[in-house]
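In my numbering, the protein residues as written are -1 to 156. Remarks on the structure that follows.
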Amino acid sequence: MFVGEQPGDREDLEGKPFVGPAGRLLDESLKEAGIDRDQVYITNAVKHFKWKPQGKRRLHQKPNAAEINACRPWLDAEIAVVKPRVLVLLGATAAQALLGRDFRVSLQRGQFIERPGLPLTMATVHPSSILRAPDDETRELERRAFVQDLKRLAQLFR
-1 MFVGEQPGDR
9 EDLEGKPFVG
19 PAGRLLDESL
29 KEAGIDRDQV
39 YITNAVKHFK
49 WKPQGKRRLH
59 QKPNAAEINA
69 CRPWLDAEIA
79 VVKPRVLVLL
89 GATAAQALLG
99 RDFRVSLQRG
109 QFIERPGLPL
119 TMATVHPSSI
129 LRAPDDETRE
139 LERRAFVQDL
149 KRLAQLFR
């Protein structure tokens, strides 16, 4: 089970998670890591798209703690129904929603974590952070590191 932050503009409009540019990057990375997306349940920690208008565009806004906490019962219910063997938390918002506000993806990225009440968990970057990297070289380095995290995950199921 993969948990992202919140729907983006495309996801909000289509009603499905990870269908925009970050979703395409996730799809490509899963395939490269040998993980079948059809075998993965994908959701978000926050269930609504928080945004502000800028011209004709809707710009993403980071959800606050109250919004994350308000959506937690839905996320807990999804985990209870899906019963994942592993949770993959994509980005700081998803990681902090389930592992606490002090959790830092930058320090524990790609590590398997055991916590009471949760399945085996791994946190890594959100694909959108890769897309926001300042240049092509940095984007490629981040993409490769993301695929390596996913390959470590894939090894659990071989």
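Virtual Cβ for every residue (Gly too), placed ideally from N, Cα, C.
From the DSSP output, read off the bridge partner residues of residue i.
i, result
"Arg8", "Answer by DSSP bridge pairing: none, since Arg8 is not bridged."
"Gln52", "Arg55"
"Phe0", "Ile40, Val86"
Nearest to residue i by alpha carbon, out of the options?
i, options, result
"Val145", "Thr136, Gly108, Pro15, Thr119", "Gly108"
"Val79", "Ile33, Leu129, Leu116", "Leu116"
"Val38", "Ala64, Leu85, Asp147", "Leu85"
"Ala152", "Thr136, Phe110, Ser126", "Phe110"
"Asp74", "Arg35, Arg55, Leu154, Met(-1)", "Met(-1)"
Just to confirm the assignment, what range does the beta strand (DSSP E) spanning residue i have?
i, result
"Ile40", "40 to 42"
"Val84", "84 to 88"
Can you tell me which of the three DSSP states residue i falls into?
i, result
"Ile111", "strand"
"Ala131", "coil"
"Val145", "helix"
"Val80", "helix"
"Leu118", "strand"
"Leu154", "coil"
"Asp34", "coil"
With distances taken between CB atoms, is the gap from residue i to residue j smaller than 7 Å?
i, j, result
"Pro5", "Phe47", "yes"
"Val1", "Leu105", "no"
Could you spell out the range, first to last residue, of the alpha helix (DSSP H) harbouring residue i?
i, result
"Leu23", "19 to 31"
"Leu105", "103 to 106"
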